[in-house]
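Residue numbers (my numbering): 184 to 505. Report on the following structure.
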Amino acid sequence: MTWADTKQLIANIWPPKATFLPKDYKDLKGQVVLITGANSGVGYEAVKLLIPTGARIYILSRSAERLEAAIAELKKQFPAADLHYILVDFNDLTTVKGAANSFLAKESRLDILIHNAGVMALPTGTKTKQGFEAHLGINVMGPTLLQELLTPILFKTASEINTTPNAVRVLFLNSTAHGQSSPKGFDYDKLEDLTRPWMLNYGDSKAETGIMILQWAKAHPAVSAKIPVLLVDPGYAKTGLQQHLSWFEAFFVNMLLNDPIISGYTVAYCALSPDLTVKNTGDYIIPPGRIGRMRDDVKESCTNEDGKKLRQWILERVLPYA
């Protein structure tokens, strides 16, 4: 990690106050937002901020009970909220196509796609239902499949329905932990290694999310010419993401964590700010809405042949479930 990376890490612990606030948000009536994993934490706070825009919001997550509880609580605060949920479990690739089809059966447009769901600190050796290392499978492979399945509706929306420049957007939540990833952001020879420490697997998965979504943008130039694709670092937010930490790890980590609303403002900035355009595709946004930086070698993998090789490896394994 370079000194520049370290400075950004420290800056994320004490971010400035948000200046792009709900009063600045545009009207999204008639538009559709889809966000994964938003029944709590950063995603939940982002949904709270987006509800008053009037958008129809779909939350994708794996627990109907928790989704229903979250939506009920949100509707207490916002009775007119246009909220819906669809079940998906990125631990099982067989659920992703069904979730995408359920959404596509209901909607003919998708204006903002926010990949928020993720896991951290799962025990070494934890596997998905298909046998992949869990951080890779849940944080990268499942969302990659969803992204591929929703590519046509994103392009249709940007080309035919919501043609306001830069209005249709794709956001992928990232993490400072990508700075702890392998050289280039991943180790091609260790993608199926189930013996590595969780921190290395998690760091690689966060680097890989950035690589995959920006390689997606490169592979679909007609789409990405119309749609800003942004990497969102939510900073250090106190969420359920820390639930698998040991008590010792949690003791120290909790001293650094901020209210997740700060992260929510960061997501809303990336989703709605008029300052962001397709020229910002690939930018790494840090709280509460500043352009930060990815580690240099990871940034290079987002567009080079190394990253393309990773994309091919993952697509070969997820597209059979499309």
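Even glycine gets a Cβ: it sits at the ideal position worked out from N, Cα and C.
Original post:
Under three-state DSSP, which class holds V415?
Top reply: strand
**OP:** Rounded to whole angstroms, what's the CA-CA distance from L383 to F315? Just pull it up for me.
**Re:** 15 Å
Original post:
How would you call T202, buried or exposed, if buried means at least 16 neighbouring beta carbons within 10 angstroms?
Top reply: Exposed, since its Cβ has fewer than 16 Cβ neighbours within 10 Å.
Original post:
Alpha carbon to alpha carbon, how far is L232 from K482?
Top reply: So the alpha carbons of these two residues sit roughly 30 Å apart.
Original post:
Run through DSSP, which three-state label would L266 get?
Top reply: Strand, per DSSP.
Original post:
Comparing alpha-carbon positions, which option in L266, T464, S365, E343 lies nearest I396?
Top reply: T464
Subject >> Beta carbon of G393 nearer than 7 Å to that of N349 >> reply: no
Original post:
What's the C-alpha gap between Q425 and S223?
Top reply: Here Q425 scores only 45 on pLDDT, less than 50, and its place in the model should not be relied on; the value that follows carries that caveat. About 12 Å.
**OP:** May I have the straight-line CA-CA distance separating Y241 from L414, to the nearest angstrom?
**Re:** 20 Å
Subject >> Three-state secondary structure (DSSP) of I336 >> reply: helix
Original post:
Run through DSSP, which three-state label would I196 get?
Top reply: Helix.
Original post:
Per the contact definition of three or more C-beta pairs closer than 8 Å, is the segment 449-467 in contact with the segment 191-208?
Top reply: yes
**OP:** Going by CA-CA distance only, name the one from K212, A255, L192, D275 that's closest to D227.
**Re:** Inspection of the sequence shows that residue 227 is occupied by Tyr rather than by Asp. Considering only alpha carbons, the answer is A255.
Original post:
Which residue comes first and which comes last in the beta strand (DSSP E) that contains F203?
Top reply: No beta strand (DSSP E) holds F203; DSSP gives it neither H nor E.
Subject >> Cβ-based neighbour list, W496, same chain, cut-off 8 Å, excluding 5 preceding and 5 following >> reply: Y371, L374
**OP:** Could you tell me whether any Cβ in chain C is nearer than 7 Å to the Cβ of V271?
**Re:** In the displayed structure, chain C is absent; only one protein chain is listed.
Subject >> Beta-carbon contacts of V140 that lie in its chain and below 8 Å, excluding the five residues immediately before and after >> reply: This structure cannot speak to residue 140, because the chain is shown only from 184 to 505.
Subject >> the segment 296-310 touching the segment 246-266, judged by at least three CB pairs closer than 8 Å >> reply: no
**OP:** Please confirm if the segment 267-278 is in contact with the segment 186-200, defined as three or more CB-CB distances below 8 Å between the two stretches.
**Re:** no
Original post:
Secondary structure at K312, three-state DSSP: helix, strand or coil?
Top reply: coil
Original post:
Do you know whose CA, among A238, D387, A221, Q398, lies nearest I269's CA?
Top reply: A221
Subject >> Any beta strand (DSSP E) of 3 or more consecutive residues that is wholly inside the segment 437-492 >> reply: 467-469
Original post:
Closest by CA to A283, which one among V302, E248, L328?
Top reply: L328
**OP:** Please classify G301: is it buried, with 16 or more other beta-carbons within 10 angstroms of its beta-carbon, or exposed?
**Re:** buried
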